[in-house]
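If you're matching them up, the sequences are chains A and B in order.
Every letter in the first sequence is one number past the one before it in full-length UniProt numbering, and letter 125, counting from 1, is 125.
Every letter in the second sequence is one number past the one before it in full-length UniProt numbering, and letter 115, counting from 1, is 115.
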Amino acid sequence: MRSTRKGTAILLRFLVKRDRVRIPVFVLALVLITCMTAMALSNLYSTSESRQIMAETMVNPAMTAMLGKGYGLDNYTIGAMMAHQMLLFTAIAMTIMNILLVARHTRADEEEGRIELIRSLPTGRLANLYATLTLAGFTNLFIGILTGLGLFSLGIESINLEGSLLYGTAIGVTGFFFATITAIFAQLSENARGTIGFSFTVLGVSYLLRAIGDIGNEAMSMASPLGWILSSEVLVTNKWWPIIITFIVSLLIMITACVLYSRRDLGAGLLPTRPGKRTASASLLSPFGLSLRLQRTGLISWAIGMFLLGASYGSVLGDLDSFFVENDMFQQLLNPENGHSLTEQFLTMIMSILAMISSIPALMSVNKLIAEEKKGRIDHLLSKKVSRNRLLGSAFLLSIITSLIMVSLTAIGLWTAGNMSMENGLDLWNVYSAALVYLPAVWLVIGLVILVIGIFPRASIVGWIYLMYSFIVVYLGNLLEFPKWLSGISPYGHIPELLIEEMRYLPVSILFLLVILFVITGFIGYNKRDIQA
Amino acid sequence: MTILKANNVTKYFGKFTALDGIDMQVNEGEVFGFIGPNGAGKSTTIRILLGILKASEGSVKIFGKDAWKDAVAIHERIAYVPGDVNLWANLTGGEVIDLFTKLRGKVDKGRREKLIERFELDPTKKCRTYSKGNRQKVALVAAFASKADLYILDEPTSGLDPLMERVFQECVLEAKDAGKSVLLSSHILSEVERLCDRVGIIRQGKIIETGSMAELRHLTRTNLIVQTKQPMSGLGQMAGVHDVEEKEGVLSFQVDSEKLDEMIRYISSFGILKLESAPPNLEDLFMRHYEGSRVDTEGGNHNA
Ligand SMILES: Nc1ncnc2c1ncn2[C@@H]1O[C@H](COP(=O)(O)OP(=O)(O)O)[C@@H](O)[C@H]1O
Ligand SMILES: [Mg+2]
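In structure tokens:
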């Protein structure tokens, strides 16, 4: 045992050094957003009447599917509100951070041959995995404590010490759980992409199981780690045992990962790999074909995921409809002026969220060009009869096609499941056009990345920040009553909401023009600059 | 006929001057060796030749076209093997070879198979499983399987075993026999000596020597090992003599090639018991310049 962990402490320090920017930025952002949200909520909903009205709008299947079952809804304190509206999404942000962290320091490093170097030094066989999981563990612990103390320090009446610490512990433990899940997949899959892909699949399935479980079948929620976390009724009754059990399960998964790691050869995976082709098929033999081939698995997984996501929102529409019909007060509350059904209004909000999520694979696709450049593989192509325009054009085209497919699939998924669950079904074209109209917004983000690739490739993260910003503005903007201009910076807010309003051509045309401007500038820049090694 | 001509090529990375007025010329049908220590600027030069980097100053013409502006047209006739062959983990070697040859244009299927055999490459394996040498083989097979007029090879043998190095050398000589030109960057000097008609030596971003092998030998030193009847005195004071060492009455030293005649006369006046000479080689030339750079930096340190 001793010899397998030799060098863990040194490696841990090394990992901390490598992540010295990434982790603090994430920790700070997460803790700040949590605390600021709590503060804003307590200012906005200072009376118990206003909170109760808020609670009423939250008690419907769609919200339950999205955010989880609310607790303490009849006494909707700021604490209950935080746990209901923020806990799940904060926990998901934690899982994403953990998945990327563990994959980066395990399989990705192994794939690049860096672990081999480390293994050749007098370090224990498991030292790297131990160091990675320790880093993840401490990061989660740190975020948990900071969030807990931060929330408590706000002095909000309903947020007591135990509750806020439980809140912090809950997100920390969720993060750690997924760190260990990723550690397992780092052993099973023999490359980083697979490791990340499988881990996100587990996250996605956990979310879906919980969503379906929360609106009906309780048992399904209990099959999802996200369901366990939410069942701790944070800031309401504060049950610790679901969190403790989740933690114990994480430890068991961690031990399994260590056993798997110690049993396999370096560089190998435990899932079987197929022998390869001797010659290339014709479809591979172009920059576009190459990009498509490299991203194929990822794109197919995303396509399935987007369809399921659309379908899962669609599946609650039926429940939502009957709920609205029964609930008079709700109708008055949400539907004062226009003649549109509540379902349509709900759909409108869903459309923008689906469009933003659809942007993720499109953005990943176009960002791949930068990743390839950093790995020095662009030289192979540019030293052949391939122009820079063709190369960038292929990446752009694939990204545009991806966005089109993803947005379409969410709409089709939504329509299909919605039709099955509702009595008088949805009109396909209505849903589809309401989804498609978001494409110029998605393309603006893609265009921005093209611009950055052409002009300042080192800032390729800008696309992600912009998307993240848009998400936060739309997700929290309504809740926290952000000023208009903040959401004005995001393209998604400018898209006409076709289900409840007429088409507005002006904003869409402006977005289009911006996209064209960005893309042209990006291409010009790309033709002028050095290719990085 | 000159097919590649670099004129005063300078490259800045921010404030750092990676290349400082490089002049270079490759003629049709010749193998040009491009040698220099690590970090001298070989790869940077080559990436400028390929239009992947843009020269800060100066110009490069290949086949009479501008290397930056007409890159795509030029590349139709160029085969390139990078120094660091990084491939796509989940494609097989065979797929990558096909991709590369197809993107270049003209494909010669028969040559592809023959080269795979000669380099003993298994094209059905995923690139993830390839060693450095095997990745280099993939790039080499793709390069030699295409009908290029100019081969640009950046330290192509650094991961190959001696047997494969031989195969590589055969390939280069075949290309030369077919009238093609080759630009070979290397720091394996025996290879450069064997293959190259002309060489350019680069150090700290400057070409410090260039010329045919014969011309450069002028600048080289012959190694002598001598034993004489009477002890030879005053050797160290003679012009053109370097690195004198004595071991049990046997002297070994280096003589500038142009002083050789004078030296032999001098030695024979002491009565020769034993005389061995090793031909001048690039290694010495290279080491001299290399050491020159080391002395430079040490000098810098003293001043600091
Ligand atoms: N993109 C870059 N930015 C800054 N410096 C660079 C860059 N590329 C190369 N260099 C520097 O230029 C010099 C020449 O590098 P290189 O051409 O790779 O040398 P060689 O191939 O001869 O070993 C080195 O000092 C290297 O650090
Ligand atoms: Mg180099």
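Idealized CB from N, CA, C, for every residue including glycine.
Which chain A residues are close to residue i, counting only those with a beta carbon under 9 Å from its beta carbon?
i         : result
Thr124(B) : Pro275, Gly276, Lys277, Arg278
Glu117(B) : Ordered by position in chain A, no residue passes the 9 Å Cβ test against Glu117(B), which lies about 13 Å from the chain.
Pro82(B)  : Gly376, Asp379, His380, Ser383
Does residue i pass the burial test, meaning 16 or more other C-beta atoms within 10 Å, or should it be called exposed?
i              : result
Lys102(B)      : buried
Tyr12(B)       : exposed
Ser221(A)      : buried
His84(A)       : buried
Pro287(A)      : buried
Leu209(A)      : buried
Leu392(A)      : buried
Ala219(A)      : exposed
Pro491(A)      : buried
residue 620(A) : This structure does not reach residue 620(A), given that chain A is present from 1 up to 533, and the question cannot be answered.
Glu48(A)       : The amino acid occupying residue 48(A) in the given sequence is Ser; Glu does not appear at that position. Ser48(A) should be labelled exposed.
Ile516(A)      : exposed
For a test of the three-state rule: what should DSSP assign to residue i, helix, strand or coil?
i         : result
Lys132(B) : helix
His302(B) : Model confidence at His302(B) stands at a pLDDT of 36, short of 50, so the residue's coordinates are unreliable; what they give is reported in the following sentence. Helix, per DSSP.
Thr123(A) : coil
Thr237(A) : coil
Thr297(B) : Since pLDDT at Thr297(B) reaches only 42, below the 50 mark, its modelled position is unreliable, and no value is offered.
Leu30(A)  : helix
Phe253(B) : strand
Ser50(A)  : helix
His494(A) : helix
Ile115(A) : helix
Pro336(A) : For Pro336(A), the predicted structure reports a pLDDT of 46, less than 50, and the residue's modelled location is therefore unreliable. The matter cannot be settled from this model.
Tyr151(B) : strand
Ala103(A) : helix
Phe32(B)  : strand
Thr92(B)  : strand
Arg198(B) : strand
Lys126(B) : strand
Leu183(B) : strand
Lys109(B) : helix
Gly58(B)  : strand
Lys484(A) : helix
Lys65(B)  : strand
Arg203(B) : strand
Mind listing the chain B neighbours of residue i? Cutoff is C-beta to C-beta under 8 Å, in chain order.
i         : result
Glu111(A) : Ala89, Arg128
Lys375(A) : Asn86
Ile531(A) : Arg47, Ile52, Leu53
Asn367(A) : Ordered by position in chain B, no residue passes the 8 Å Cβ test against Asn367(A), which lies about 16 Å from the chain.
Asn98(A)  : Here the premise fails: no neighbours, minimum Cβ distance about 24 Å.
If I follow the unbroken beta strand (DSSP E) through residue i, where does it start and stop?
i         : result
Gln25(B)  : 16-27
Arg221(B) : 221-228
Leu4(B)   : 2-13
Asp243(B) : 241-247
Ile208(B) : 206-212
Ala79(B)  : 78-81
Residue i versus chain A: which residues are under 8 Å apart at the beta carbon?
i         : result
Leu103(B) : Leu285, Ser286, Pro287, Leu381, Lys384, Lys385, Val386
Mind pulling the chain B residues with CB within less than 9 Å of residue i?
i         : result
Leu294(A) : Trp88, Asn90, Leu91
Asn191(A) : Ala89, Asn90, Arg128
Along chain B, in chain order, which residues have C-beta atoms closer than 7 Å to that of residue i?
i         : result
Leu290(A) : Leu99
Residue i lies in the alpha helix (DSSP H); which residues open and close that run?
i              : result
Arg18(A)       : 8-18
Ala395(A)      : 388-421
residue 357(B) : Chain B is shown from 1 up to 304; residue 357(B) falls before or after that span and cannot be answered.
Tyr505(A)      : 505-528
Any heavy atom of ligand 4 closer than 6 Å to the CB of residue i?
i        : result
Ser43(B) : Looking for ligand 4 in the displayed structure turns up nothing; the ligands present are ligand 1 and ligand 2.
Can you pull the chain A residues whose beta carbon is under 7 Å from the beta carbon of residue i, in chain order?
i         : result
His242(B) : By Cβ distance, chain A contributes nothing, its closest Cβ being about 39 Å from His242(B), past 7 Å.
* Asked: Is it a yes or a no for the stretch 160-170 of chain A touching the stretch 227-234 of chain A, going by three-plus beta-carbon pairs under 8 Å?
  -> Between the stretch 160-170 of chain A and the stretch 227-234 of chain A there are three or more C-beta pairs closer than 8 Å, enough to call the two in contact.
* With a cut-off of 8 Å, do at least 3 Cβ pairs link the stretch 84-94 of chain B to the stretch 376-393 of chain A? -> yes
* Could you tell me whether the stretch 172-180 of chain B touches the stretch 13-21 of chain B, where touching means 3 or more Cβ pairs closer than 8 Å? => These segments do not touch.
* Asked: Does the stretch 298-308 of chain A come close enough to the stretch 398-410 of chain A that 3 or more CB-CB pairs lie under 8 Å?
  -> With a cut-off of 8 Å, the stretch 298-308 of chain A and the stretch 398-410 of chain A count as touching, because enough Cβ pairs lie within range.
* Evaluate contact between the stretch 28-38 of chain A and the stretch 56-72 of chain A, counting only Cβ atoms and requiring at least three cross-stretch pairs below 8 Å. => no
* Three or more C-beta pairs closer than 8 Å, one from the stretch 194-205 of chain A and one from the stretch 97-116 of chain A: is that the case here? -> Put simply, the stretch 194-205 of chain A touches the stretch 97-116 of chain A. At least three CB pairs are less than 8 Å apart.
* Asked: Are the stretch 171-184 of chain A and the stretch 132-141 of chain A in contact at 8 Å, needing three or more beta carbon pairs?
  -> yes
* Can at least three beta-carbon pairs, one atom from the stretch 222-230 of chain B and one from the stretch 239-253 of chain B, be found at a separation below 8 Å? -> yes
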